[in-house]
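Some notes on the structure that comes next.
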Amino acid sequence: MIVALIGNPNCGKSSLFNHLTGLRQKIGNFPGVTVDKKVGFCKISDGSDIQVIDLPGTYSLYPNSLDEQVVLEVLTNQNHSDYPDLAVIVVDSSNLKRNLLLFEEVNDLGIPTVLALNMLDVANEIGISVNTPKLEKILGIPVVEVNAREGIGLEGLKLTIFRALEKKQIHENVEVISEEMKPAAKAVKKRFSLKTDYAALHYLTQTDKLTFLNSEEKKFLGKISGELNLDADAFQAKEVMDRYKDIGVTLSQVVEIEAEKHNSLTLTQKIDNVLIHRFWGYVIFLGILFLIFQSVFTLANYPMDLIDGGIASLNDFLKSVLPESKITDLLTDGLIAGIGGVVIFIPQIAFLFAFISILEESGYMARVVVLMDKLIRKFGMSGKSVVPLISSMACTVPAIMSARTIGNWKDRLITIMVTPLMSCSARLPIYTILIALVVPDDKLFGLFGFQGLALMGLYLLGFFSALVGGWFLKKILKTNERTFFVMELPTYKKPRWKQVGFTILEKVKTFVFEAGKVIVAISIILWVLASYGPGEGFSKAEERVAAQNIGLTTDQLEPKIAAEKLQNSYAGLFGKFIEPAIKPLGYDWKIGIALITSFAAREVFVGTISTIYSIGAEDADDSTIKSRLKNEINPETGEPVFSVATSYSLLIFYVFAMMCMSTIAVVYRETKSWKWPIIQLIYMSALAYVSAFAVYWFLK
Amino acid sequence: MKSVADLKEGEKGVISAFLDNKLALKLLEMGCLPGTEVTLDHKAPLGCPYCISVSEDYQLSLRKSEAITILID
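Sequence lines, in order, name chains A and B. Going by our numbering, the first sequence opens with residue 27, and the numbers climb by one from there. Going by our numbering, the second sequence opens with residue 38, and the numbers climb by one from there.
See the structure below:
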């Protein structure tokens with residue numbers, strides 16, 4: 027048995043879903059589209075399990091976004107694997123009129139329904155009272171009162187679902203189909219064995235949006251609507267008006283409004299006076315941003331250090347108990363290190379989504395969209411792109427996931443494409459080391475440190491290039507999709523912590539399982555490349571180093587052996603192979619190895635560099651790496667390898683380069699095609715190469 | 038002809054007609070019917086988008102280009 031939860035955005039549908047299914051839910055995809063499908067299981071009153079599907083929020087069956095289109099397709103395709111046996115229509119009781127529109131439409135498709143009156147407490151507060159028994163009588167279908175916020179009324183709802191599945195009831199609505207349309211509707215109804223004329227009308231008026239129809243079926247429908255001279259927009263407009271009139275009549279009998287109390291918006295409007303104020307609005311927004319960054323950077327550090335340490339000690343432990351072999355190395359340095367590379371991001375993702383979901387829950391996020399829309403529109407994005415752009419300063423992966431909220435596909439794609447240009451926290455270790463190497467530790471006007479200014483400059487460079495990138499993509503990308511900005515501004519509410527918890531869990535799960543697979547796979551490949559090499563160069567590395575460095579202790583020898591091995595491994599050879607390509611940027615083959623390994627994740631750069639320059643693991647703190655790099659001399663020129671030109675060139679390279687396989691994986695997941703991550707990889711690499719080249723030759 | 042874009046902050050108007058058919062359909066299903074009273078609550082600091090409240094029940098945000106297609110009495 028499948029029960030679908032259906033309702034307007036912000037009607038409390040998702041919290042009801044969470045209450046009904048608890049942790050027994052999973053997130054998948056609707057077949058063929060990028061829309062998340064939330065499915066869970068729920069025990070109803072006779073002890074049997076039913077499948078509950080949380081359909082995306084929508085105002086009507088006429089879709090304006092991909093999310094909404096899914097609702098139409100699931101509900102009009104009787105052969106769809108998710109076609110519901112029963113629809114639970116969740117409505118915001120403080121706004122019944124608008125919410126009942128969707129209720130009537132779903133009913134007219136011939137799907138049995140239960141009406142769940144949510145947010146009655148909110149309605150009461152503003153002086154609206156609903157006579158539930160009378161409403162049930164007029165509508166002729168079961169009506170239940172629930173409080174999805176507090177989880178009240180769930181048993182009643184489950185009992186009602188149980189009974190409704192036994193005895194399915196449908197509410198008869200006002201006639202929206204005119205006489206001259208009826209013969210055509212009948213023909214379509216017969217051809218597709220549909221339940222109602224109204225369902226047939228959707229086949230006729232929205233043929234292109236029903237992707238499950240084959241071309242022959244579409245031709246059939248096109249012919250009929252052509253003969254009928256059907257004006258889809260006019261039909262839709264008339265239908266909506268007729269329904270509102272009908273709903274008005276129903277509501278006049280069951281809803282009482284206390285006139286004095288009735289202004290639901292007073293408080294929200296007062297808060298808005300401050301939060302979208304022309305001056306304070308931006309000040310508060312920047313303040314909140316600052317707070318989020320501070321927390322994400324500082325708080326997430328503790329669990330991240332724990333994970334880092336935990337993975338390292340797990341590896342040490344395994345290495346000490348397992349026999350020394352390639353299999354052990356693969357397990358520890360390849361697989362577990364790879365998994366560690368995934369897990370390490372969890373704290374940042376969790377913290378970031380905690381904040382984002384609090385901002386969303388409270389209603390503030392919609393105001394951020396209002397504040398930023400005009401500024402960012404010029405760059406091919408919409409106000410809704412602000413959230414991903416900001417988030418990506420912590421980590422691009424959750425940021426790209428948060429671009430979901432952008433309804434317009436072009437806006438969303440542009441946002442996804444430019445988001446990785448924002449400097450994420452993984453670039454920070456590279457920035458700090460290279461800046462420390464070349465920027466003097468002096469102060470401008472004795473106040474601002476040059477090093478800090480340089481760091482800020484790199485972040486700004488990332489930000490502005492994201493804007494410029496958006497502007498270019500706006501010119502290039504074409505779209506026929508017509509979408510509107512118009513959106514509902516939710517009233518301010520206290521965040522529901524349980525909902526915040528669910529969001530965090532959901533995002534972390536998606537990241538670990540989807541992006542994680544790819545990260546682990548590439549980590550293993552990189553491990554193989556770095557641990558094997560052809561011929562004697564690799565296999566005899568140990569003897570060679572021992573022969574060259576007679577008199578050193580084993581501890582002193584080990585880092586040198588590791589360096590020698592890496593140089594002669596496939597990764598090392600590849601570094602030498604690409605040297606001609608990176609020479610114009612001022613890099614030698616050793617930096618080349620680091621470039622290759624850091625393709626997995628940027629932060630690997632520092633680790634690789636310290637291995638190559640044979641810095642023992644014990645004293646690998648920043649200061650030793652720094653002094654070691656400073657003294658590194660290019661044997662051909664006699665100049666320092668990390669000259670000012672090379673270091674700046676590397677800095678710029680890392681601002682632009684798409685060196686993060688997690689990002690590639692998540693872009694693939696979000697766009698459902700390899701086309702976009704590949705384009706992104708190419709354009710960002712090209713940008714990185716050209717800019718680094720220019721910087722190197724300018725400074726040299 | 039006056040549109041929602043001509044309202045001053047705090048001013049009210051009653052929707053009389055829509056100039057953009059497609060947008061009208063979207064607005065209709067969101068409850069903005071002809072005859073509905075709307076109030077311009079705020080303009081965003083840069084003059085766009087607008088925040089309007091619909092029959093004092095709920096708020097919508099829409100761009101200026103969208104607001105000028107909603108005619109009012």
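A virtual CB, placed ideally from N, CA and C, is assigned to each residue, including glycine.
Beta-bridge partners assigned by DSSP to Glu171 (chain A): A:Leu143. Residues of chain B with a Cβ closer than 8 Å to the Cβ of Lys400 (chain A) are, in chain order, Ala81, Leu83, Gly84, Cys85, Pro86. With fewer than 16 other Cβ atoms from the protein chains shown falling within 10 Å of its own Cβ, Gln582 (chain A) counts as exposed. When secondary structure is reduced to three states using DSSP, Ile250 (chain A) falls in the helix class. Counting only residues of its own chain and dropping the five nearest sequence neighbours on each side, Ile678 (chain A) has a CB closer than 7 Å to the CB of Ser717, Ala718, Val721.
Between Glu162 (chain A) and Gly66 (chain A), the alpha-carbon positions lie close to 28 Å from each other. The C-alpha of Ile297 (chain A) is placed about 51 Å away from the C-alpha of Thr634 (chain A).
Counting only unbroken stretches of 3 or more residues, the beta strand (DSSP E) elements lying wholly within the segment 513–574 of chain A are 513–515, in sequence order. Within 10 angstroms of the beta-carbon of Ile187 (chain A) lie 16 or more other beta-carbons, which makes it buried.
A straight-line Cα-Cα distance of about 23 Å links Met684 (chain A) and Ser408 (chain A).
The beta carbon of Phe668 (chain A) sits closer than 7 Å to those of Leu463, Leu655, Lys656, Glu658, all from its chain and outside the five residues before and after it, given in chain order. For Ser155 (chain A), the beta-bridge partners assigned by DSSP are A:Glu282. The three-state secondary structure of Ala492 (chain A), taken from DSSP, is helix. At a cut-off of 9 Å, the C-beta of Glu74 (chain B) has no neighbouring C-beta in chain A. In the structure shown, His106 (chain A) adopts coil according to DSSP, grouped into three states. Taking C-beta atoms under 8 Å as the contact rule, Ile550 (chain A) and Gly364 (chain A) qualify, at a distance of about 6 Å.
Counting C-beta atoms within 10 angstroms of its own C-beta, Asp342 (chain A) has fewer than 16 neighbours from the protein chains shown and is therefore classed as exposed. Proximity of chain B to Ala392 (chain A) at the Cβ level (cut-off 8 Å) is accounted for by Ser98, in chain order.
Looking at the DSSP output, Ile659 (chain A) shares a beta bridge with A:Pro666. With fewer than 16 other Cβ atoms inside 10 Å of its own Cβ, Leu56 (chain B) counts as exposed.
Take the alpha-carbon of Ile310 (chain A) and the one of Leu301 (chain A): they are about 7 Å apart.
For secondary structure counted as the alpha helix (DSSP H) over 4 or more consecutive residues, the segment 157–239 of chain A holds these complete runs in sequence order: 158–165, 180–192, 208–217, 223–231. Under DSSP, the beta-bridge partners assigned to Ala627 (chain A) are A:Cys686. Residue-level contact by beta carbon holds for Leu65 (chain B) and chain A, with a gap shorter than 9 Å.
Residues of chain B whose Cβ lies closer than 8 Å to the Cβ of Val512 (chain A) are, in chain order, Leu60, Lys63, Leu64, Met67, Leu97, Ser98, Leu99, Arg100, Glu103. For Glu48 (chain B), the closest Cβ of chain A is not nearer than 9 Å. For Ile302 (chain A), the chain B residues whose C-beta falls within less than 8 Å of its own C-beta are His79, Ala81, Pro82, Cys88, listed in chain order. Distance between Glu243 (chain A) and Lys352 (chain A), taken at the CA atoms: about 59 Å.
Leaving aside the five residues that flank Gln104 (chain A) on each side, none in its chain has a CB nearer than 6 Å to its CB. Under the Cβ criterion (8 Å, minimum of three pairs), the segment 246–261 of chain A does not count as touching the segment 273–286 of chain A. Of the residues A:Val132, A:Phe564, A:Ile152, A:Ile203, the one whose Cα lies closest to the Cα of Phe261 (chain A) is A:Ile203. A straight line joining the alpha-carbon of Ala226 (chain A) with that of Gly248 (chain A) spans about 13 Å.
The alpha-carbon separation between Val116 (chain A) and Gly38 (chain A) amounts to approximately 7 Å.
Nearest CB-CB separation between Leu70 (chain B) and chain A: below the 9 Å threshold. Interface annotation for the segment 252–265 of chain A against chain B: Asp259, Gln262, Ala263, criterion Cβ-Cβ distance under 7 Å.
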